[in-house]
Amino acid sequence: MPSFDVVSKIDLAELDNAVNQTKKELSTRYDFQGTHADVVLAPDHTAITVKANSEDRVQAAKEVLLAKLAKRNISLFALEYGDIEKTGLHNVKQTIKLQQGIPVDKSKELVKLLKESKMKVQGSIQADQLRVTGKNRDDLQAAIALFRKEQDRLKLDMQFTNFRD
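Residues in the sequence shown are numbered from 105 upward in steps of one, following the working numbering.
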């Protein structure tokens, strides 16, 4: 039976490159001199911490990071922004969590979308991904088109893999 998987994965090599490019730009740009601006990727690749000595410098550093991520084809839907927090010595930081895998509640929304659309496909939740099966390829391609159309509303980073006949 034809099927495909809906997954949400970040290319970790591209993520490393984007963070390193951001660090380099922050260290060389004149407007960041003396602001202690830094971007730190967690060792387990689950979060990025943006630090600086003021909230507006954190925002500016975050914008540089987002530009680098977008250039490297990392979807900004895969980011979940935390609050800006004060740390010691008049510094502030913001933690950005990285989404790996589709959360169960979002998977349920996708399955509900399939059922409401009356397509002849079924969705089954498998850990952090969603498998969609159907009788023919056209129905599966229509399901992919539906998911792409709803991606902005759901605020979910999705890739479609393992398309099988």
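For every residue, glycine included, the Cβ atom is placed at its ideal position computed from N, Cα and C.
Classify residue i as helix, strand or coil using the three-state DSSP reduction.
i, result
"ASP135", "helix"
"LEU180", "helix"
"LYS259", "coil"
"ASN121", "helix"
"GLN233", "strand"
"ASP115", "coil"
"SER228", "strand"
Residues in the same chain with beta-carbon distance under 6 angstroms from residue i, minus the five sequence neighbours each way, listed in chain order, please.
i, result
"VAL196", "GLU159, VAL162, ILE188, LYS190"
Tell me residue i's beta-bridge partners as DSSP assigns them.
i, result
"THR150", "Note: THR150 sits in no beta bridge, so no partner."
"LYS128", "Beta-bridge pairing links LYS128 to no other residue."
"GLN198", "VAL154, ILE188"
Could you tell me if residue i is buried or exposed, where buried requires 16 or more neighbouring beta carbons within 10 angstroms of its beta carbon?
i, result
"GLY205", "exposed"
"LEU193", "exposed"
"ASP211", "Here residue 211 is Ser; the residue named in the question, Asp, does not match the sequence. By the 10 Å Cβ count, SER211 comes out buried."
"LYS166", "buried"
So residue i and residue j are in contact, right, with Cβ under 8 angstroms, and what is the actual spacing, rounded?
i, j, result
"THR237", "MET105", "5 angstroms"
"SER112", "MET262", "6 angstroms"
"ASN121", "ARG176", "6 angstroms"
"ASP115", "ILE178", "7 angstroms"
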